[in-house]
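K.L.:
Take this structure first; my questions come after.
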Amino acid sequence: MAFGRSKSLLVAGFSVCMLLFSNLISAQHEGDHGAHKPATHETAGGHGKKEGFDANEVIFDHILDAHEYHFFDITQADGTRKPVGISLPVMLYEPGKGFSAFMSSKFHHGHTVHNGYRQLDRHFMTEHGLDTMKTAGGQAMYRAHKIYAVDENGMPKAEAKVYDFSLTRNVVQMILALALLCWIMISIANKYKKGQGVKTAPRGMQNLIEPIITFVRDEIAKPNLGHKYEKYMPLLLTIFFFILINNIFGLVPGSANVTGNIAFTLVLGVIAFLIILFSSNRHFWGHIFNPPGVPAGIKFILVPVEFLGVFIKPIALIIRLFANMIAGHIIIICLISLIFIFGSLNRGVGWGASPVAVAFTIFIYFIEVLVAFLQAYIFTMLTAVFTGMAFEGEHHAEEGAGHH
106 MAFGRSKSLL VAGFSVCMLL FSNLISAQHE GDHGAHKPAT HETAGGHGKK EGFDANEVIF
166 DHILDAHEYH FFDITQADGT RKPVGISLPV MLYEPGKGFS AFMSSKFHHG HTVHNGYRQL
226 DRHFMTEHGL DTMKTAGGQA MYRAHKIYAV DENGMPKAEA KVYDFSLTRN VVQMILALAL
286 LCWIMISIAN KYKKGQGVKT APRGMQNLIE PIITFVRDEI AKPNLGHKYE KYMPLLLTIF
346 FFILINNIFG LVPGSANVTG NIAFTLVLGV IAFLIILFSS NRHFWGHIFN PPGVPAGIKF
406 ILVPVEFLGV FIKPIALIIR LFANMIAGHI IIICLISLIF IFGSLNRGVG WGASPVAVAF
466 TIFIYFIEVL VAFLQAYIFT MLTAVFTGMA FEGEHHAEEG AGHH
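Residue 255 in this note's numbering sits at position 150 of the sequence shown, and the numbers go up by one each step.
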């Protein structure tokens, strides 16, 4: 009951903040005499370009990594916007120059150069045509929010190599999730050592965590790993809770969507892949390279497919978690962006669209809470399934010896 109330309060607060921000953005486009005229800025070609709400920028700023936590902007009396957020440490290494360390606030959100470096801003890139520059391979030469070494004119130097070791918001949030996971598990383990939950009834956080641990053991580990389940329980529990905590953190407005980052899911997929390989045996590889009971002509087709399946399984884990978590965040931001888009056209239309957009946002938000648990379960379940398949032949051999 308390958990349900906290979720409702969080969603309500999120929706109210979005409504307030839409009002601020609408006010930002008002002229000096009260006319609803969008502001303009000069482009590199000298032509005025309308500056309205850019949903694409908002979406990518949320789902991509950054060197700061950006919450919202405050429109000041002179029309300028003051960002509100938390700056994070920037640590760079450039060959010939050495290490540089400072806070990301020194860049003033991409408007200034500090110590010979600039964090590219989307408006700066558009203004100077950097967003259209491509490499020989057709890829973008410069990326927004990335830090580059610059010349005396403040323009990025494409030939300069800068290695970024900064504590970005994804890194910071993973550290916080890891610290929370360790604190929860260590505190619960200490209670069990003292006999609480063993000789007496579990209390406090034990009531919340113990059913989840039991569920992972009885519904994931035992059915798929058999007698070896205890060996893999620490791995499965770590994967489940680490993904779950990061999924829930990502639902907090202003936080980072860590599990919606392909690098995060890639590392988890590689770990699962290595566990599967190290758990395999000769029966596993024998069924791949010499499937029993299959005609020789079919083996030429089946063997390559089975071998590719060894790599496709972890890739499926990587893509599934990444795609599901990033999709929900994009849908929520798109729904909220409708308020801003309609508000930039007409303030009354913006307020009229707000109830519908907020209602759908709350609906999708609760689905995302369910998806947060579901994706942690699916990733853990499939890791156990694929690992169990890697030594499946041992089960049959032991069962046959037992019957004999």
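Don't be surprised by glycine CBs; every beta carbon is placed ideally from N, CA and C.
The structure displayed is predicted, hence computed values, not measured ones.
Could you check the C-alpha separation between T364 and H167 for me, to the nearest Å?
P.N.:
If you take the alpha carbons of T364 and H167, they lie about 13 Å apart.
K.L.:
Terminal residues of the continuous alpha helix (DSSP H) containing E411?
P.N.:
Element bounds for E411: 401-450.
K.L.:
Just to confirm my understanding: we take S210, look at its own chain, exclude 5 residues before and 5 after, and list those with CB closer than 6 Å. What are they?
P.N.:
Only S192 meet the Cβ criterion.
K.L.:
Just list the alpha helix (DSSP H) runs in the stretch 202-257, keeping only unbroken ones of 4 residues or longer that don't cross its boundaries, in chain order.
P.N.:
Counting only runs of 4 or more, we get 227-232.
K.L.:
Roughly how many angstroms lie between the CA atoms of A284 and N451, to the nearest whole one?
P.N.:
Using only the alpha carbons, I get a separation of about 46 Å.
K.L.:
Closest by CA to V357, which one among R425, I438, A481?
P.N.:
It is I438.
K.L.:
Does D269 come out as helix, strand or coil in the three-state DSSP assignment?
P.N.:
Three-state result, D269: strand.
K.L.:
Per DSSP, which one or two residues make a beta bridge with Y198?
P.N.:
BP columns for Y198 point to F204, Y268.
K.L.:
Should the stretch 459-468 be called in touch with the stretch 409-429, which here means at least 3 C-beta pairs below 8 Å?
P.N.:
The stretch 459-468, when compared against the stretch 409-429, does not touch it at the 8 Å Cβ threshold.
K.L.:
Check whether the stretch 340-351 touches the stretch 359-378, taking contact to mean three or more Cβ pairs, one atom from each stretch, closer than 8 Å.
P.N.:
Verdict: yes, contact present.
K.L.:
Does any residue of chain D bring its CB to less than 8 Å from the CB of G302?
P.N.:
Going by chain labels, chain D is absent from the structure shown, which holds only one protein chain.
K.L.:
Going straight from the alpha carbon of S271 to that of L225, what length do you get?
P.N.:
Rounded to whole angstroms, S271 to L225 spans 16 Å at the Cα level.
K.L.:
Return the bridge partner residues of F484 from the DSSP annotation.
P.N.:
Answer is none; F484 lacks a bridge partner.
K.L.:
My guess is that K266 and P200 are in contact by the Cβ rule of under 8 Å, so how many angstroms apart are they, rounded?
P.N.:
Sure, about 6 Å apart at Cβ, within 8 Å.
K.L.:
Since I252 and D269 should fall inside the 8 Å C-beta cutoff, what is the C-beta to C-beta distance between them, to a whole number of angstroms?
P.N.:
About 6 Å separates the two Cβ atoms, so the contact holds.
K.L.:
Assuming Q407 and P396 are in contact, meaning their beta carbons sit under 8 Å apart, how far apart are those beta carbons, in whole angstroms?
P.N.:
Going by the sequence as given, residue 407 is Leu instead of Gln. The pair is a contact, with the Cβ atoms about 6 Å apart (cut-off 8 Å).
K.L.:
Compute the distance between the beta-carbons of F207 and H219, then report whether it is under 8 Å.
P.N.:
Result yes, Cβ atoms of F207 and H219 sit closer than 8 Å.
K.L.:
Are the Cβ atoms of V321 and T485 separated by less than 8 Å?
P.N.:
Yes, the pair counts as a contact, with Cβ atoms nearer than the cut-off.
K.L.:
In whole angstroms, give me the CA-to-CA distance for G203 and I483.
P.N.:
So the two alpha carbons sit approximately 44 Å from each other.
K.L.:
Checking 8 Å against the spacing of the C-beta atoms, do V490 and N386 come in under that value?
P.N.:
Going by C-beta atoms, V490 is not nearer than 8 Å to N386.
K.L.:
Rounding to the nearest angstrom, what Cα-Cα distance links S442 and T240 in this structure?
P.N.:
Their Cα atoms are separated by approximately 32 Å.
K.L.:
Using only alpha-carbon positions, find the residue among W288, V476, L313, A432 that is nearest to F165.
P.N.:
Of W288, V476, L313, A432, the residue nearest in Cα terms is A432.
K.L.:
Is A132 helix, strand or coil by DSSP?
P.N.:
In this prediction, A132 has a pLDDT of 38, which is less than 50 and means its spatial position is unreliable; what the coordinates show is noted afterwards. It is helical.
K.L.:
Select from L169, G242, N161, F177 the residue whose C-alpha is nearest the C-alpha of G359.
P.N.:
Nearest of L169, G242, N161, F177 to G359, Cα basis: F177.
K.L.:
Buried or exposed: where does L341 fall if 16 or more other Cβ atoms within 10 Å of its Cβ makes it buried?
P.N.:
Answer is buried; the Cβ neighbour count reaches 16.
K.L.:
Am I right that R223 and P261 are in contact with their C-beta atoms under 8 Å? What's the rounded C-beta distance?
P.N.:
Right, the Cβ-Cβ distance comes to about 6 Å (below 8 Å), so this counts as a contact.
K.L.:
Would you identify the three-state DSSP class for G190, choosing helix, strand or coil?
P.N.:
G190: strand per DSSP, three-state reduction.
K.L.:
Bridge partners of Y470, per DSSP?
P.N.:
DSSP lists no partner for Y470.
K.L.:
I need the boundaries of the alpha helix (DSSP H) containing F369, first residue and last residue.
P.N.:
367-384 is the span of the alpha helix (DSSP H), which, as asked, contains F369.
K.L.:
Is the CB-CB distance between A171 and R248 below 8 Å?
P.N.:
For A171 and R248, no; Cβs fall outside 8 Å.
K.L.:
I403: buried (16+ other C-beta within 10 angstroms of its C-beta) or exposed?
P.N.:
With fewer than 16 Cβ atoms within 10 Å of its Cβ, I403 is classed as exposed.
K.L.:
Output the distance between the C-alpha atoms of R227 and Q181, rounded to the nearest integer angstrom.
P.N.:
Whole-angstrom Cα-Cα distance: 21 Å.
K.L.:
In or out: K418 buried (at least 16 other Cβ within 10 Å) or exposed?
P.N.:
Flag for K418 reads buried.
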